[in-house]
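*Asks:* Residues in the sequence shown are numbered consecutively from 930, following the numbering used here. By construction, the Cβ of each residue, glycine as well, lies at the ideal position given by its N, Cα and C atoms. It should be emphasised that the depicted structure is a prediction, and the values quoted were computed from it without experimental measurement. Before we start, here is the structure in question, set down as structure tokens.
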Amino acid sequence: MITTKKFQRRVEDFDCAACGYQVHGTGYTNHCPKCFVSKHVDNQPGDRAATCGGNMPVVQVFFQQGKWRLVQKCERCGEQKQNRVQPGDDMIYLSQLNERISRFHARG
930 MITTKKFQRR VEDFDCAACG YQVHGTGYTN HCPKCFVSKH VDNQPGDRAA TCGGNMPVVQ
990 VFFQQGKWRL VQKCERCGEQ KQNRVQPGDD MIYLSQLNER ISRFHARG
């Protein structure tokens, strides 16, 4: 059985598949800093081994251990992953996104 490290750092730039923003990667970049959408490309962080490739919009925002965190859900396969908000992320948009998600869940 071949095992991989839990995290593989990769510095990659990419164009956001959801909003088109040109993202400059840091090696820890998981999502677009403007709209917070990610791509389902990893099985383990950084391995690029997932074949799904679906968009992963944010379905939950929460604060834990002094950091903002996101839960993203793949639109193709339904897998959910948790990620931290990063320096340079659009915190105003994150606040608006959190309000929309909260209103949606409050409606039932």
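In angstroms with no decimal places, state the Cα-to-Cα distance between Gly949 and Asp942.
*Replies:* 12 Å
*Asks:* Excluding sequence positions up to five away, which residues of its chain have a Cβ less than 6 Å from the Cβ of Gln989?
*Replies:* Val1000
*Asks:* If you follow the beta strand (DSSP E) that Gln993 is part of, which residue opens it and which one closes it?
*Replies:* Val987 to Gln993
*Asks:* Could you give the residue range of the alpha helix (DSSP H) that holds Asn1027?
*Replies:* Met1020 to Arg1036
*Asks:* Does Val952 come out as helix, strand or coil in the three-state DSSP assignment?
*Replies:* In this structure, Val952 counts as strand in the three-state DSSP scheme.
*Asks:* In angstroms with no decimal places, state the Cα-to-Cα distance between Glu1008 and Lys1002.
*Replies:* 6 Å
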